[in-house]
Amino acid sequence: MGMVTFVDETTSGGRADGWEFEVAEERLALRELIRRRVFQEVAERRAAGLVKLPEQPDAERQAETALTAFGRNGFLVLVGDRQVTDLDEVVHLPLGTEVTFLKLVPLVGG
Numbered sequence: 314m315g316m317v318t319f320v321d322e323t324t325s326g327g328r329a330d331g332w333e334f335e336v337a338e339e340r341l342a343l344r345e346l347i348r349r350r351v352f353q354e355v356a357e358r359r360a361a362g363l364v365k366l367p368e369q370p371d372a373e374r375q376a377e378t379a380l381t382a383f384g385r386n387g388f389l390v391l392v393g394d395r396q397v398t399d400l401d402e403v404v405h406l407p408l409g410t411e412v413t414f415l416k417l418v419p420l421v422g423g
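So in the working numbering, spot 83 of the sequence shown is number 396, and the numbers just go up one at a time.
Structure representation (structure tokens):
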């Protein structure tokens, strides 16, 4: 099992602290990597009591929303220093890989 680090950034220069995520496989399709990240976030929010019934998010629906956002260029994904543009591309995830989710911020007036 390996660990990858997820980092959230914005094109305006914001960068959140990274958090580690355990991945059993060394190769994984980007679609599955995004899906697992979303499921983990939903589980952590539920465990921390950050959401209460009936507002608890459906992890599957949240994952589909994230995948749709990726398809509409709502964010980019960099694995190491390489941008991955296809959800079905299998990415190599050696121990310590940084996976950056770069949220695209629209230009003012654009």
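C-beta: ideal position from N, C-alpha, C; glycine also.
Closest by C-alpha distance to residue i, when choosing among the options
{"i": "E373", "options": "Q353, V364 and G362", "result": "Q353"}
{"i": "E345", "options": "D321, T323, S325 and F383", "result": "F383"}
{"i": "R340", "options": "V364, V404 and G387", "result": "V404"}
Contacts around residue i, its chain only, beta-carbon distance under 8 Å, and the 5 residues preceding and following it disregarded
{"i": "Q396", "result": "L389 and V390"}
Euclidean distance between Cα positions of residue i and residue j
{"i": "Q369", "j": "V336", "result": "25 Å"}
{"i": "R328", "j": "A376", "result": "22 Å"}
{"i": "E411", "j": "V320", "result": "7 Å"}
{"i": "G393", "j": "D330", "result": "16 Å"}
{"i": "G409", "j": "E333", "result": "9 Å"}
{"i": "V317", "j": "F414", "result": "13 Å"}
{"i": "V364", "j": "T378", "result": "18 Å"}
Burial state of residue i, where buried means 16 or more other Cβ atoms lie within 10 Å
{"i": "T381", "result": "exposed"}
{"i": "R385", "result": "exposed"}
{"i": "V351", "result": "buried"}
{"i": "R348", "result": "buried"}
Identified DSSP bridge partners for residue i
{"i": "L429", "result": "With the chain covering 314 to 423 only, the question about residue 429 has no answer from this structure."}
{"i": "R395", "result": "V392"}
{"i": "F334", "result": "V317"}
{"i": "L341", "result": "V404"}
{"i": "R282", "result": "Beyond the ends of the chain as shown, which are 314 and 423, falls residue 282; an answer cannot be given."}
Nonlocal neighbours in the same chain, by C-beta distance under 7 Å from residue i, ignoring five residues either side
{"i": "M355", "result": "For the sequence presented, residue 355 should be read as Val rather than Met. The answer, listed in chain order, is P370, A372 and Q375."}
Proximal residues to residue i (C-beta, below 6 Å), its chain only, five neighbours per side dropped
{"i": "E402", "result": "L343"}
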